[in-house]
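Residues in the first sequence are numbered consecutively from 649, following the working numbering. Note that the Cβ used here is the ideal one computed from N, Cα and C, for glycine as well.
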Amino acid sequence: MPELPEVEVTRRQVERVLVGATILKVWTSEPSYFFVTEPALLKKRLRGRLVRALTRHGKYMLATFDDDSRLLLHLGMTGQLSTTDFPGDPHVHLRLELSGNKGLFFRDVRKFGKVEWLRPGHSSPRLDKLGPDALVVVPEEFYARLSARKISIKQALLDQSILSGVGNIYADEALFAARILPERASHTLDQPEAKRLLREVKRVLDKSIQHGGSTINDYLQPDGELGGYQNWHRVYGRTAEPCPRCRTAISRVVLGGRSSHFCSSCQK
DNA sequence: GCACATGTTCTCGG
DNA sequence: CCCGAGAACATGTG
Numbered sequence: 649m650p651e652l653p654e655v656e657v658t659r660r661q662v663e664r665v666l667v668g669a670t671i672l673k674v675w676t677s678e679p680s681y682f683f684v685t686e687p688a689l690l691k692k693r694l695r696g697r698l699v700r701a702l703t704r705h706g707k708y709m710l711a712t713f714d715d716d717s718r719l720l721l722h723l724g725m726t727g728q729l730s731t732t733d734f735p736g737d738p739h740v741h742l743r744l745e746l747s748g749n750k751g752l753f754f755r756d757v758r759k760f761g762k763v764e765w766l767r768p769g770h771s772s773p774r775l776d777k778l779g780p781d782a783l784v785v786v787p788e789e790f791y792a793r794l795s796a797r798k799i800s801i802k803q804a805l806l807d808q809s810i811l812s813g814v815g816n817i818y819a820d821e822a823l824f825a826a827r828i829l830p831e832r833a834s835h836t837l838d839q840p841e842a843k844r845l846l847r848e849v850k851r852v853l854d855k856s857i858q859h860g861g862s863t864i865n866d867y868l869q870p871d872g873e874l875g876g877y878q879n880w881h882r883v884y885g886r887t888a889e890p891c892p893r894c895r896t897a898i899s900r901v902v903l904g905g906r907s908s909h910f911c912s913s914c915q916k
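See below:
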């Protein structure tokens, strides 16, 4: 479900109920690796806190509280934040009761998501190793980072320590738009190609945010609405369908353990 | 039963 | 240290 656009759409809606609210009550499911911070400690640290801000870096959201402690959230593969509860649903792992009769609910079927509380003035290794956000990075830095690596450009885009926010869908869509093959070695892209690729990365991410993200299986916005950008995917999930530019059948290969969809004719 | 899934992280061998 | 392949995490869908 969640790459940068889905996380940003989620952040914008959650911000409206969370910022300015006080956490009155915290409910958690049983301990699991979903909880980087143990549920018992998490409850103790969150109760009574006033939320000052909700920001995003790549696929991570970060809530900042009145005492300068923070809460790091990652949606993993199937995580979703909702402003309404899922009564009786066994996949809900965190429920926050907020002032003003509001609530925030974290559901995650596969539990690849993460919740980590950060004490004031402290960070987290997961946060520290992230590369620049895909919507913020400038072309010069993007090019420099790609030039330093011999892995495929597809794997470079997916590596969150090189660039953060791009996942499997938007990597394929951006490479198609920039007419670059996913197997191309990262360091073989020249400066104009890197610039073109970054422009398309940003264009694809922005457009998806405008459409509310991509709903492939179960992604829902916090208000329960479906995303709409899946209808604009040009190669992702379209193996063997005609390329929208040249009608060549879309190819699928596995790179870094993830499927890559591309046109072997118009991507070079 | 099998293949596959929008993510991250670790291991092993080269 | 860099790189690729494969697996692990947990659960669902087709």
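{"Query": "Distance CB(Val763)-CB(Phe713) smaller than 7 Å", "Result": "no"}
{"Query": "Spatial neighbours of Asp871 in its chain, beta-carbon cut-off 7 Å, leaving aside the 5 residues before and after", "Result": "Gln661 and Thr731"}
{"Query": "Bounding residues of the alpha helix (DSSP H) (the contiguous stretch that carries Tyr919)", "Result": "This structure does not reach residue 919, given that the chain is present from 649 up to 916, and the question cannot be answered."}
{"Query": "Reduced DSSP category for Asp871 - H, G, I as helix; E, B as strand; rest coil", "Result": "coil"}
{"Query": "Residue interval of the beta strand (DSSP E) (run including Glu764)", "Result": "Lys762 to Leu766"}
{"Query": "Gln869 beta carbon less than 7 Å from that of Val655", "Result": "no"}
{"Query": "The alpha helix (DSSP H) enclosing Ile817, as first and last residue numbers", "Result": "Asn816 to Ala825"}
{"Query": "Identified DSSP bridge partners for Glu686", "Result": "DSSP output for Glu686 lists no bridge partner at all."}
{"Query": "Counted within 10 angstroms of its Cβ, other Cβ atoms place Tyr791 as buried (16 or more) or exposed", "Result": "buried"}
{"Query": "Option in Leu837, Leu689 and Val667 with minimal Cα separation from Gly751", "Result": "Val667"}
{"Query": "Sufficient close CB pairs (3 or more, under 8 Å) joining the segment 846-857 to the segment 700-708", "Result": "no"}
{"Query": "Nonlocal neighbours in the same chain, by C-beta distance under 6 Å from Lys673, ignoring five residues either side", "Result": "Glu745"}
{"Query": "C-alpha gap between Ser812 and Ser747, whole angstroms", "Result": "33 Å"}
{"Query": "At least three beta-carbon pairs within less than 8 Å, the segment 770-784 to the segment 726-742", "Result": "no"}
{"Query": "Tyr681 in three-state terms, based on DSSP", "Result": "coil"}
{"Query": "Status (buried if at least 16 other CB within 10 Å, exposed otherwise) for Asp756", "Result": "buried"}
{"Query": "Boundaries of the beta strand (DSSP E) in which Val901 is found, first to last residue", "Result": "Ser899 to Leu903"}
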